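Everything on this sheet refers to the single structure shown next.
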Amino acid sequence: MRIGDLAAATGTTTKTLRFYEQAGLLEEPPRTSGGYRDYPAHAPARVGFIRSAQAAGLSLAEIRDVLAIRDGGQPPCAHVTALLDQHLADVERRIAELSATRAMLRELARTASATDPTTCTESDICRILTTAG
């Protein structure tokens with residue numbers, strides 16, 4: 187399968203496929219006598235996996251590790267489970283941080299709406315933000 191066919195079959199671009207090769211996610215395929223890449227029949231499934239893993243938030247390095255486990259003949263389920271647990275914990279931590287930021291911004295917005303700019307002095311950089319924290 188040529189690179190253009192693989193790109194069309196997977197909804198990617200040829201540039202993306204070349205990048206996946208360079209990043210070690212796709213093995214460099216053999217070449218035809220005309221010098222064209224000739225991807226094996228399993229390449230669309232591998233590209234589909236890479237895209238799904240990226241959508242789940244895995245980094246390219248993490249995806250490469252999962253593929254290496256599979257390519258080594260082992261099921262990567264335990265490794266993937268650990269990665270997903272770690273990513274979920276990170277997302278939950280970020281959500282908590284964003285919730286705290288939202289609460290602070292709401293309070294600052296209330297302060298801002300109640301602040302009379304004419305009462306600010308030159309020593310105040312911004313009374314709205316100075317009262318925060």
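Just so we're aligned: 249 in our numbering is position 63 of the sequence shown, and the numbers increase by one with no gaps anywhere. Built from N, CA and C at the ideal position, the CB exists for glycine as well. Values in this document were obtained by computation on a predicted structure and should not be read as measured data.
*Compare the Cα-Cα distances from Ala241 to each of Leu270, Gly259, Pro226 and report the closest residue.*
Position 55 of the sequence shown, counted from the first residue, corresponds to residue 241. Of the listed residues, the one whose Cα sits closest to Ala241 is Leu270.
*Arg279 by DSSP, collapsed to three states: which one?*
As a working mapping, residue 279 is identified with position 93 in the sequence shown. Here Arg279 sits in helix by DSSP.
*Kindly indicate which residue of Ser238, Ile189, Thr307, Arg292 has the alpha-carbon position closest to the one of Ala229.*
Taking the sequence shown and counting its residues from 1, the one referred to as residue 229 is at position 43. It is Ile189 whose Cα lies nearest to the Cα of Ala229.
*State yes or no: is the C-beta of Gly243 within less than 7 Å of the C-beta of His273?*
Within the sequence shown, the letter at position 57 stands for residue 243. Within the sequence shown, the letter at position 87 stands for residue 273. Yes, these two residues count as a Cβ contact at 7 Å.
*Hey, is Arg223's beta-carbon within less than 7 Å of any beta-carbon in chain D?*
Of the protein chains in the structure, only one exists, and it is not chain D.
*Should Arg313 and Thr301 be called a contact, given that it needs their Cβ atoms to be closer than 7 Å?*
As a first step, residue 313 is located in the sequence shown; it is residue number 127 there, counting from the start. As a first step, residue 301 is located in the sequence shown; it is residue number 115 there, counting from the start. Yes, Cβ-Cβ distance for Arg313 and Thr301 is below 7 Å.
*Looking at Ile236 and Leu211, is the spacing between their C-beta atoms short of 7 Å?*
In the sequence shown, counting from the first residue as 1, residue 211 sits at position 25. In the sequence shown, counting from the first residue as 1, residue 236 sits at position 50. Cβ atoms of Leu211 and Ile236: closer than 7 Å.
*Taking Ala247 as the reference, which of Gln208, Ser309, Glu283, Thr196 has the closest Cα?*
Within the sequence shown, numbered from 1, the residue matching residue 247 stands at position 61. Measuring from the Cα of Ala247, the nearest candidate turns out to be Gln208.
*Could you name the residues that DSSP lists as bridge partners for Arg237?*
As a working note, residue 237 is residue 51 in the sequence shown. Bridge partners of Arg237: none, in fact.
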